[in-house]
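Protein chains in written order, with the UniProt record's numbering: chain D, 1 to 259; chain H, 1 to 259; chain Z, 1 to 259. From the three backbone atoms N, C-alpha and C, an ideal C-beta is built for every residue, glycine too.
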Amino acid sequence: MSVAEQRETFEAIIDAQVLQQTIDTLQAVVQEAIFTLDEDGIRAAAVDPGNVAMTRVDLDAAAFESYWADGGRIGVNLTRLDDIVSKANADDIIHLELDEETRKLNIRFRNVDVSMALIDPDAIRKEPDLPNLDDKWHADLHVEAAMLSEAVDIADLISDHVRFRSVADEGVLHVEAQGDTDDSDVTVEGDDLLPGSEIGEDCNSLLSLGYFTDLFKPVPNDAEVRLRHGTEHPVLFEYEFADGHGFAEGFQAPRVEAR
Amino acid sequence: MSVAEQRETFEAIIDAQVLQQTIDTLQAVVQEAIFTLDEDGIRAAAVDPGNVAMTRVDLDAAAFESYWADGGRIGVNLTRLDDIVSKANADDIIHLELDEETRKLNIRFRNVDVSMALIDPDAIRKEPDLPNLDDKWHADLHVEAAMLSEAVDIADLISDHVRFRSVADEGVLHVEAQGDTDDSDVTVEGDDLLPGSEIGEDCNSLLSLGYFTDLFKPVPNDAEVRLRHGTEHPVLFEYEFADGHGFAEGFQAPRVEAR
Amino acid sequence: MSVAEQRETFEAIIDAQVLQQTIDTLQAVVQEAIFTLDEDGIRAAAVDPGNVAMTRVDLDAAAFESYWADGGRIGVNLTRLDDIVSKANADDIIHLELDEETRKLNIRFRNVDVSMALIDPDAIRKEPDLPNLDDKWHADLHVEAAMLSEAVDIADLISDHVRFRSVADEGVLHVEAQGDTDDSDVTVEGDDLLPGSEIGEDCNSLLSLGYFTDLFKPVPNDAEVRLRHGTEHPVLFEYEFADGHGFAEGFQAPRVEAR
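1) Kindly indicate the opening and closing residues of the beta strand (DSSP E) around residue 115 (chain H).
2) Check for me: the beta strand (DSSP E) holding residue 66 (chain Z) runs from which residue to which?
3) From the DSSP output, read off the bridge partner residues of residue 164 (chain Z).
4) What span of residues does the beta strand (DSSP E) with residue 184 (chain Z) cover, start to end?
5) Who does residue 229 (chain Z) pair with in a DSSP beta bridge?
6) Does any residue of chain H bring its CB to less than 8 Å from the CB of residue 89 (chain Z)?
7) In angstroms, rounded to a whole number, what distance separates the CA positions of residue 50 (chain H) and residue 198 (chain H)?
8) Residue 246 (chain Z) by DSSP, collapsed to three states: which one?
9) For the structure I just gave you, are there three or more beta carbon pairs, one from the segment 242-249 of chain Z and one from the segment 62-81 of chain Z, closer than 8 Å?
10) Quick check on DSSP: helix, strand or coil for residue 224 (chain Z)?
11) Would you give the residue range spanned by the beta strand (DSSP E) that residue 84 (chain H) belongs to?
12) Is there at least one Cβ from chain H nearer than 8 Å to residue 102 (chain D)'s Cβ?
13) Could you give the DSSP three-state label for residue 36 (chain H): helix, strand or coil?
14) Taking the alpha helix (DSSP H) that residue 22 (chain H) belongs to, which residues open and close that run?
15) Is residue 42 (chain Z) helix, strand or coil when you go by DSSP?
16) Looking at the unbroken alpha helix (DSSP H) that takes in residue 105 (chain H), where does it start and where does it end?
17) Bridge partners for residue 12 (chain Z) per DSSP, in chain order?
18) Excluding the 5 residues preceding and the 5 following residue 196 (chain D) in the sequence, name in chain order all residues of the same chain whose CB lies nearer than 8 Å to its CB.
19) Can you list, in chain order, the residues of the segment 159-190 of chain Z whose Cβ is nearer than 7 Å to any Cβ on chain D?
20) Does any residue of chain D have a CB that is nearer than 8 Å to the CB of residue 141 (chain Z)?
21) Buried or exposed, going by whether 16 or more other CB atoms sit within 10 Å of the CB of residue 200 (chain H)?
22) How long is the line joining the alpha carbons of residue 131 (chain D) and residue 31 (chain H), rounded to whole angstroms?
23) By the three-class DSSP mapping on this structure, what secondary structure does residue 47 (chain D) have?
24) Would you mind reading off the limits of the alpha helix (DSSP H) that contains residue 150 (chain D)?
25) Less than 8 Å between the C-beta atoms of residue 82 (chain H) and residue 39 (chain H), yes or no?
26) Given this structure, state the Cα-to-Cα distance separating residue 107 (chain D) from residue 136 (chain Z), to the nearest angstrom.
27) Can you give the Cα-Cα distance for residue 297 (chain Z) and residue 116 (chain D), rounded to whole angstroms?
28) Contact check, residue 74 (chain D) vs residue 114 (chain H) under 8 Å by CB: the rounded distance?
29) Of the residues Z:67, Z:41, Z:27, which one's Cα is nearest the Cα of residue 48 (chain Z)?
30) Would residue 33 (chain D) pass as an interface residue toward chain Z - the criterion being a Cβ-Cβ separation below 8 Å?
31) Interface residues of chain H around residue 84 (chain Z) at Cβ under 7 Å?
32) Considering just the uninterrupted stretch of the beta strand (DSSP E) at residue 133 (chain D), what are its terminal residues?
33) Skipping 5 residues on each side, what residues in its chain have a beta carbon closer than 8 Å to that of residue 194 (chain Z)?
34) Please report the distance separating the alpha-carbon of residue 186 (chain D) from that of residue 101 (chain H).
35) Take residue 97 (chain H) and list the residues in its own chain whose beta-carbon comes closer than 6 Å to its own, dropping the five residues that flank it on each side.
36) Would DSSP call residue 88 (chain D) helix, strand or coil?
This is the structure we're talking about:
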């Protein structure tokens, strides 16, 4: 087999807005990320240096106007890619192509043509595997992103931490904060808990707000977010974009509480 | 008489916008203020530490959707209250309630519930009594706030001080500034002096702009401002808000001029 | 001849927007400028202290609502004039008048009247004469300002320099940048090269972006810009404003390239 045949190839066409959402999601946590270019789409994940917050994006091949890849991995400087992609208009179509010889990513839209150096994927910190916590997440909540975002904004006025507290009996999520002198409680219940929501038993998770606001900032206001949590286990939220062909999730370890 | 019977009580419902206007007015001068909760409404006043600028707000009970109080006094951290109230939308209804036991103010709107610690009113600097200068204010001017605001903006380009100079003969208010090399003069006259305006004799007041711009900043652009001044006496301006049920005033000592 | 008869006079009425464009153009390069007040209009030019970038504005008498001058020169603090003129609304009419005795410029609009001290023109650095390079500029390109501005924005992501490279054969302008690892190429061709464009022979100019972005920033997005360049000679761009009665140009020396 010749060297040429071993080379990875990647060529895709995508809406600027979908690519931007992907970049924003990863940038919430890191500045460099590994993109895995599978036949059926792109996957990327990143964890912050403190191993507290993790984010993951999947873009199905169907999220692209056209997509072709044969399974390589590329290391991407997200800040640089963001600089370039943010110059495109929301309705621009972006053409991406991996130059196999130079290991550069070619980015084209309108009359713009940029060649961006890639990073050796082996030089980028790997994300740890996510534990499967399906049996620990007793609260499964579906909420409009804007509502969750506002709830967390209120907590941010009061404290550096936010508590998600789901009460099974009452079918309510409390987004709480406790400061030195002040307290806040934003309740999400009734029709604000969208269909599919289920609180199997009481759950209680305390999170550092610094990480959570970063992690949640890229979520589009009109996204339906599925938030799952338990008690003293990590919190997971996920949502779809790109007409359901894009999938993003955020995962944050809880703050351990003194007893 | 039991302790319980002596406790102060306060519960009120108010438009977010009206409460915000009240907070903004006081914040022009101080960060903490005493609210007096009378049966017929709320009163608050504040003077800056240098005793140069003073502001006062009265909110009649009719400015509220519902109001009940029995004459207490509460000390309020305005920055903190502003943080919370500014999260409400302009058309939100805010529910305020004094928790007599914890001495906290409960603030509720939509699905938000915040409990904010109050400050001991005795720990907050009292405002001095305002002298009655009705016989010193020979110029009584009614002007749209936006016009006065623009006039003062021009003065601010030229100098650290603004002079209000009312000329009785000509029926004109000059808003003047004199810099080291440049001068400005914005004239308010004719239809721009609204009905009720009267200049009994020439008046001339020099004010520090730093204080005046802070004091005037919260005035809504479309408010009709009544500005009264004399010569080397404090300047008073006042306006109504909340459909006439709210009343705000600013009062500033003049800069003494060398002769 | 009496002293009074020797005095320079100047009185003019102009749209705030046209005056603002004139100020912005000069401010791209300097903070003080000499305005020459000829019978047929105002001319001003300025060069940056490093002699790299130069700008020039001509305002025909026809650009004014009314104009009268007899050939004087005034030194203007652009920052100060900008502060004042930016307080006018875009559709305000500004009245300018030179006070011959005090050497101040009187600026009036609406009810505002400002008297601004002028600077001795002899205290302001003269601009050097522009060399005539008509026979060196082999590329004569007409492009919409917004397109050129976007092209330069992309270059700014990649490097501190931008290269204008016109290819005669292909009838294309490349706006290129070369960074340590990344490259960009924005092409302007076809209908984007507006009528009048002509590339006589290949041209290649490398410019410092810091200067060029400052110089180009005041150009209105919808202006048609005429850009002329050669190889290792200064680049000139020019455009009209004020319905063709205003004329602005920017001129920048190339960065000398190592061979």
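With the given structure in hand:
1) 112-117
2) 66-69
3) Answer is Z:175, Z:205, bridged to residue 164 (chain Z).
4) Counting along the chain, the beta strand (DSSP E) containing residue 184 (chain Z) begins and ends at 183-189.
5) Within the DSSP bridge table, the entry for residue 229 (chain Z) names Z:139 as partners.
6) With 8 Å as the cut-off, residue 89 (chain Z) does not count as an interface residue toward chain H.
7) Spanning the two alpha carbons is a distance of roughly 31 Å.
8) Secondary structure at residue 246 (chain Z): strand, using DSSP grouped into helix, strand and coil.
9) yes
10) Strand, per DSSP.
11) No beta strand (DSSP E) holds residue 84 (chain H); the alpha helix (DSSP H) holding it covers 78-85.
12) In terms of beta-carbon proximity, residue 102 (chain D) stays away from the interface with chain H, with every pair separated by 8 Å or more.
13) strand
14) 16-27
15) strand
16) In this chain, residue 105 (chain H) is not harboured by any alpha helix (DSSP H); it is covered by the beta strand (DSSP E) spanning 104-109.
17) DSSP, once it has assigned bridges, lists Z:67, Z:96 as partnering residue 12 (chain Z).
18) These residues qualify, in order along the chain: 140, 142, 226.
19) Along the segment 159-190 of chain Z, going in chain order, the ones with a CB nearer than 7 Å to a CB of chain D are 181, 182, 183, 184, 185, 186, 187, 188.
20) no
21) Counting Cβ neighbours within 10 Å, residue 200 (chain H) comes out exposed, since fewer than 16 surround it.
22) Cα-Cα distance, rounded: 48 Å.
23) strand
24) From DSSP, the alpha helix (DSSP H) with residue 150 (chain D) extends over 145-158.
25) Taking 8 Å as the Cβ cut-off, residue 82 (chain H) and residue 39 (chain H) do not qualify as a contacting pair.
26) If you take the alpha carbons of residue 107 (chain D) and residue 136 (chain Z), they lie about 35 Å apart.
27) Since the first residue of chain Z shown is 1 and the last is 259, residue 297 (chain Z) is not available in this structure.
28) In fact, because the Cβ distance is near 47 Å, the residues do not count as touching under 8 Å.
29) Z:27
30) no
31) 157
32) Per DSSP, residue 133 (chain D) belongs to no beta strand (DSSP E) and is neither H nor E.
33) Contacts found: 142, 143, 144, 224.
34) 22 Å
35) 11, 106
36) coil
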